[in-house]
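Asker:
In the working numbering, the protein residues as written are 1 to 173.
1. Just the C-alpha distance for residue 155 and residue 86, rounded to the nearest angstrom, thanks.
2. Is the beta carbon of residue 36 less than 9 Å from the beta carbon of residue 117?
3. State buried or exposed for residue 12, treating a residue as buried only when at least 16 other CB atoms are found within 10 Å of its CB.
4. Just curious, the alpha helix (DSSP H) that residue 123 is in, first and last residue?
5. Consult DSSP for residue 28 and reduce its assignment to one of helix, strand or coil.
6. Enumerate in chain order the residues of its own chain whose CB-to-CB distance from residue 172 is below 8 Å, with the five nearest sequence positions on each side excluded.
7. Does the structure place the segment 138–158 close enough to the segment 22–29 that three or more beta carbon pairs sit under 8 Å?
8. To the nearest angstrom, report how far apart residue 1 and residue 95 are at their CA atoms.
9. Taking the alpha carbon of residue 136 as the reference point, which residue from 148, 144 and 127 has its own alpha carbon closest?
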């Protein structure tokens, strides 16, 4: 039996662990998110360490907003893969319709926890699709797969981690 069964409130450690597991079940590791943060922040800061990016990714995954968005977004993608959504939503998500935008809205909301820089980082990541995000985007177009929410959520997590790294480096000056 899962120790989290029938809980509706979770500690930061529990939220991190549940998010980590859920992401890994979809092929995304915390290291993937840290790599996005490193790539993004390296554009602006010299000698960014992977360790600080990894620490930031882990921290972001323990936040309640990230917890709720990761859990909800992945659940919706999985329901779509199983054909369990009603028409027309099933078709919209299955095709990752560009005009849908709710997936980006969740990403923007999460990134917005880190202000305009978080949102700007998310926009850049969403357009350029670095690392695992490009892979998820492409894989999500395959029959039986849906990553409509996941690719944007992972991009937002990377944007948050990158912005947190920027804040840490800025405080160190």
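Positions of the beta carbon are idealized from the N, C-alpha and C atoms, including for glycine. Computed from a predicted structure; not experimentally measured.
Answerer: Inspection of the coordinates gives the following:
1. As a first step, residue 155 is located in the chain shown; it is residue number 155 there, counting from the start. As a first step, residue 86 is located in the chain shown; it is residue number 86 there, counting from the start. Separation of residue 155 and residue 86 (C-alpha to C-alpha, rounded to the nearest whole angstrom) is 27 Å.
2. Residue numbering aside, residue 36 sits at position 36 when the chain shown is read from its first letter. Residue numbering aside, residue 117 sits at position 117 when the chain shown is read from its first letter. No, these two residues do not count as a Cβ contact at 9 Å.
3. In the chain shown, residue 12 corresponds to position 12, counting from 1. Classified as exposed, residue 12 has fewer than 16 neighbouring CB atoms from the shown chains inside 10 Å of its CB.
4. In the chain shown, counting from the first residue as 1, residue 123 sits at position 123. Looking at the DSSP string, the run of the alpha helix (DSSP H) that includes residue 123 is 115–128.
5. Numbered from 1 along the chain shown, position 28 holds the residue referred to as residue 28. Under the three-state reduction of DSSP, residue 28 is assigned to coil, being neither helix nor strand.
6. For the purposes of this step, residue 172 is taken as residue 172 along the chain shown, with counting starting at 1. Cβ within range, chain order: n/a, list empty.
7. Counting Cβ pairs under 8 Å, three or more are found: they touch.
8. Within the chain shown, numbered from 1, the residue matching residue 1 stands at position 1. Within the chain shown, numbered from 1, the residue matching residue 95 stands at position 95. Residue placement at residue 1 is flagged as unreliable, the pLDDT there being 48, under the threshold of 50; a coordinate-derived value is accordingly withheld.
9. Counting from one through the chain shown, the residue named residue 136 turns up at place 136. The shortest C-alpha to C-alpha distance from residue 136 to any of 148, 144 and 127 is the one to 148.
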